[in-house]
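If you want the working numbering, it's the position in the sequence shown, counting the first as 1, plus 107.
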Amino acid sequence: MSEHERLLRAGGLAILPTDTVYGIGCAADLPGACERLYAVKERPAGQATAVVFGSVARAVAVLGEPLPEELLPGPVTLVVPNPGRRFAHLCGASPERIGVRVPELAPAVAALADAVGGLAMTSANRRGEAAPGRLLDVPPELRSAASLVVDGGVLPGVASTVIDLTGPEPVMIRPGPAPPPA
Numbered sequence: 108m109s110e111h112e113r114l115l116r117a118g119g120l121a122i123l124p125t126d127t128v129y130g131i132g133c134a135a136d137l138p139g140a141c142e143r144l145y146a147v148k149e150r151p152a153g154q155a156t157a158v159v160f161g162s163v164a165r166a167v168a169v170l171g172e173p174l175p176e177e178l179l180p181g182p183v184t185l186v187v188p189n190p191g192r193r194f195a196h197l198c199g200a201s202p203e204r205i206g207v208r209v210p211e212l213a214p215a216v217a218a219l220a221d222a223v224g225g226l227a228m229t230s231a232n233r234r235g236e237a238a239p240g241r242l243l244d245v246p247p248e249l250r251s252a253a254s255l256v257v258d259g260g261v262l263p264g265v266a267s268t269v270i271d272l273t274g275p276e277p278v279m280i281r282p283g284p285a286p287p288p289a
């Protein structure tokens with residue numbers, strides 16, 4: 108087990124670059140770490156948070172459900188059915204649905220996300236402020252709360268497109284860098 112994995116398995120938070128913005132996250136299967144993440148972000152307890160994986164294969168293995176591989180990996184968060192109610196503590200009021208993200212990550216970050224079984228991750232900004240495209244744009248209080256900080260250089264700075272795939276037709280919840288659903 109790597110030192111970074113140990114930090115996250117111990118409940119630590121991490122600031123990590125994605126293919127869109129910097130995120131702050133923790134091991135998704137540790138409710139206590141997720142509560143700390145929510146507290147640091149001042150995120151409402153009932154707000155859903157996506158689970159980030161380093162690979163589509165790991166996401167499918169953990170969730171036990173297929174994912175539309177034509178959209179992943181990429182700058183998109185998918186809201187998909189969650190019949191197994193995996194990570195229910197991250198699903199808000201709807202544990203039968205879950206947000207899943209498989210961004211194009213640096214190999215070490217992807218390996219870390221998969222090694223811990225997925226990361227509960229949200230943008231590394233204060234509530235209501237712009238998502239950070241540079242590590243310097245991450246608020247100091249979030250950086251100081253993190254056990255691990257990875258500088259990935261300058262990122263696009265536009266949060267992922269969010270698409271809900273739980274209904275009969277795909278619905279765009281938040282526009283972003285990925286094209287709208289067909």
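From the three backbone atoms N, C-alpha and C, an ideal C-beta is built for every residue, glycine too.
Through-space distance from residue j to residue i, alpha-carbon basis
i, j, result
"R233", "D126", "20 Å"
"V269", "L197", "16 Å"
"L144", "T273", "26 Å"
"E172", "N189", "8 Å"
"R193", "G139", "16 Å"
"P277", "R204", "14 Å"
"A217", "G259", "13 Å"
"A146", "L249", "11 Å"
"G283", "G118", "30 Å"
"E149", "E142", "10 Å"
Three-state class that DSSP yields for residue i in the structure shown
i, result
"S267", "coil"
"G139", "helix"
"R281", "strand"
"P214", "helix"
"L179", "coil"
"V169", "helix"
"R150", "coil"
Close Cβ partners of residue i (< 6 Å) along its chain, the five nearest in sequence each way excluded
i, result
"L255", "H111, L114 and A121"
"G225", "A135, V158, F160 and V169"
Beta-ladder partner(s) of residue i, from DSSP
i, result
"I205", "V187"
"S230", "G130"
"V245", "Looking at the DSSP assignment, V245 forms no beta bridge with any residue, so it has no partner."
"L123", "G130"
"L255", "A121"
"V158", "V207 and A227"
Buried or exposed (CB count within 10 angstroms, at least 16 for buried), residue i
i, result
"P210", "buried"
"M108", "exposed"
"P124", "buried"
"I131", "buried"
"V261", "exposed"
"A152", "exposed"
"G59", "Nothing can be reported for residue 59: it is not among the residues displayed for the chain, which extend from 108 to 289."
Contacts around residue i, its chain only, beta-carbon distance under 7 Å, and the 5 residues preceding and following it disregarded
i, result
"D221", "F160, G161, S162 and R165"
Beta-carbon contacts of residue i that lie in its chain and below 8 Å, excluding the five residues immediately before and after
i, result
"G230", "Looking at the sequence provided, one finds Ser at residue 230 rather than Gly. Counting only Cβ-Cβ distances below 8 Å, and skipping sequence neighbours, we find V128, Y129, G130, I131, A238, P239 and A266."
"S201", "A155"
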